[in-house]
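Colleague:
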Amino acid sequence: MNKTAEAKTTSPSTPVRATSLWIILLVAWLGWMFDGMEMGLYSVLAAPALKDLLGVQDPKVVGYYVGIMFALFLLGASIGGFIFGRMGDKIGRVKTMIITIIIYSVFTGLSAISQNTLQFGICRFIGALGLGGEWGLGVALVMETWPNAKRPVLAGLLGSSSNVGFLISALINRAFFAALGWRLIFCIGVAPAVLSLLVFFAVREPERWVKAKASGQKPDLGQLFKAPLLGKTIIACLLSSVAIIGTWGVFQ
192 MNKTAEAKTT
202 SPSTPVRATS
212 LWIILLVAWL
222 GWMFDGMEMG
232 LYSVLAAPAL
242 KDLLGVQDPK
252 VVGYYVGIMF
262 ALFLLGASIG
272 GFIFGRMGDK
282 IGRVKTMIIT
292 IIIYSVFTGL
302 SAISQNTLQF
312 GICRFIGALG
322 LGGEWGLGVA
332 LVMETWPNAK
342 RPVLAGLLGS
352 SSNVGFLISA
362 LINRAFFAAL
372 GWRLIFCIGV
382 APAVLSLLVF
392 FAVREPERWV
402 KAKASGQKPD
412 LGQLFKAPLL
422 GKTIIACLLS
432 SVAIIGTWGV
442 FQ
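Here it is, written out as structure tokens:
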């Protein structure tokens with residue numbers, strides 16, 4: 192039994208094969224792409240969905256509720272990034288990534304059967320928890336397996352996948368909204384759940400995580416706010432704030 196369990200994780204002394212590296216990159220890329228698709232679906236379907244749920248056509252009223260839903264998304268994604276990031280440290284990147292994919296897929300799909308704005312907002316918030324968690328886990332999975340020299344290029348590649356997801360969501364909306372309506376299109380959001388099967392069967396825990404777990408090493412969040420990482424933490428927070436504020440402005 193122990194031998195079987197050990198075979199499912201990357202041994203600290205076993206180098207990661209090239210095929211495994213590409214599978215990990217593909218999984219992370221698809222995860223980010225589906226994240227972008229989910230965000231894109233909400234951005235184009237929120238207004239028609241809320242018009243239907245509220246029973247009003249006033250653009251000011253609808254716009255107010257769209258803003259609330261987007262605020263719930265930002266809040267949920269932030270909390271999810273922290274919660275599932277910590278969970279990934281404890282139980283593994285792969286297991287936690289599967290959980291996050293299932294969460295955002297299921298709750299995007301459940302948005303389709305919302306009967307009021309409260310239910311719609313709850314689905315939006317819980318789905319965002321999974322989205323925020325998957326972002327960080329996808330990056331960690333790639334950065335902990337690929338060589339350090341490849342990190343800058345891979346970070347850019349992962350970032351581009353979200354834009355592909357946005358494009359796909361726009362094409363889905365353009366092709367199917369008139370025929371299907373917002374509820375059935377939200378059902379398409381369940382599709383990323385299939386990715387969790389690929390993660391489960393094809394991806395092993397990163398060697399670095401296995402080593403840290405075996406040694407009993409625990410991550411210390413406080414290190415981010417001490418030298419020599421404090422400066423980088425401040426810069427990262429500022430850059431992230433610009434991105435969040437800019438995104439908020441775009442959707443208002």
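What the sequence shown shows, in my numbering, is residues 192 to 443, in sequence order. Note that beta-carbon positions come from the ideal geometry of N, C-alpha and C, so glycine has one too.
1. Indicate the three-state DSSP secondary structure (helix, strand or coil) for ALA196 in the structure shown.
2. Mapping the DSSP letters down to three states, classify GLU398 as helix, strand or coil.
3. Checking 9 Å against the spacing of the C-beta atoms, do GLY283 and GLU396 come in under that value?
4. Suppose contacts are defined by Cβ-Cβ distances below 9 Å. Is TYR256 in contact with THR308 by that definition?
5. Looking at ILE292 and ALA384, is the spacing between their C-beta atoms short of 9 Å?
6. What does the alpha-carbon distance come out to for the pair ALA393 and LEU375?
7. For PHE377, which residues from the same chain have a beta carbon less than 7 Å from its beta carbon, with the 5 sequence-adjacent residues on both sides left out?
8. Given this structure, state the Cα-to-Cα distance separating ALA427 from LEU415, to the nearest angstrom.
9. So, PHE261 versus PHE316, is the Cβ gap smaller than 9 Å?
10. Where VAL381 and SER296 are concerned, what is the direct C-alpha to C-alpha distance, given to the nearest angstrom?
11. Of all the options MET230, TRP220, ALA240, which has the alpha carbon lying nearest to the alpha carbon of LEU371?
12. Keeping to the same chain, check which residues put their C-beta closer than 8 Å to that of GLU197; ignore five residues upstream and five downstream.
13. If you compare alpha carbons, which of CYS314, GLU398, LEU245 is closest to ARG331?
14. For SER296, which of helix, strand or coil comes out of DSSP?
15. From ALA434 to ASP249, what does the alpha carbon distance come to, in whole angstroms?
16. Hey, how far is the Cα of ILE290 from the Cα of LYS409?
17. Looking only at its chain, what residues have a beta carbon closer than 8 Å to the beta carbon of VAL247, apart from the 5 residues adjacent to it on each side?
18. Using the three-state DSSP reduction, which class does GLY283 fall into: helix, strand or coil?
19. Rank LEU266, ILE259, THR336, PRO338 by C-alpha distance to the C-alpha of LEU320 and give the top, closest one.
20. Using CA atoms only, rank isn't needed, just tell me which of ILE215, GLY329, GLY318, LYS251 is closest to TRP229.
21. On a Cα-Cα basis, can you pick out the residue from ARG277, GLY272, ALA268 that is closest to CYS314?
22. From LEU221 to ARG277, what does the alpha carbon distance come to, in whole angstroms?
23. Any idea what DSSP makes of SER234, helix, strand or coil?
24. Where GLY272 and GLY329 are concerned, what is the direct C-alpha to C-alpha distance, given to the nearest angstrom?
25. Quick one: what does DSSP say ASN307 is sitting in, helix, strand or coil?
26. What would DSSP say about GLN408, mapped onto helix, strand or coil?
27. Could you spell out the range, first to last residue, of the alpha helix (DSSP H) harbouring GLY356?
Modeller: In brief:
1. Only weak support exists for where ALA196 lies, its pLDDT of 44 falling under 50; the value from the coordinates is given anyway. If DSSP states are grouped into helix, strand and coil, ALA196 belongs with the helices.
2. helix
3. yes
4. yes
5. yes
6. 31 Å
7. LEU232, LEU236, THR299, GLY300, SER302, ALA303
8. 11 Å
9. no
10. 5 Å
11. ALA240
12. Caution applies to GLU197, whose pLDDT of 42 falls short of 50 and renders its modelled position unreliable; the value that the coordinates give is listed next. Around GLU197: no qualifying Cβ.
13. For the sequence presented, residue 331 should be read as Ala rather than Arg. Comparing Cα-Cα distances from ALA331 to each of CYS314, GLU398, LEU245, the minimum goes to GLU398.
14. helix
15. 29 Å
16. 22 Å
17. VAL253
18. coil
19. LEU266
20. Reading the sequence as shown, one finds Glu at residue 229 and not Trp. Among ILE215, GLY329, GLY318, LYS251, the Cα nearest to that of GLU229 is on GLY318.
21. ALA268
22. 22 Å
23. helix
24. 11 Å
25. coil
26. coil
27. 342 to 378
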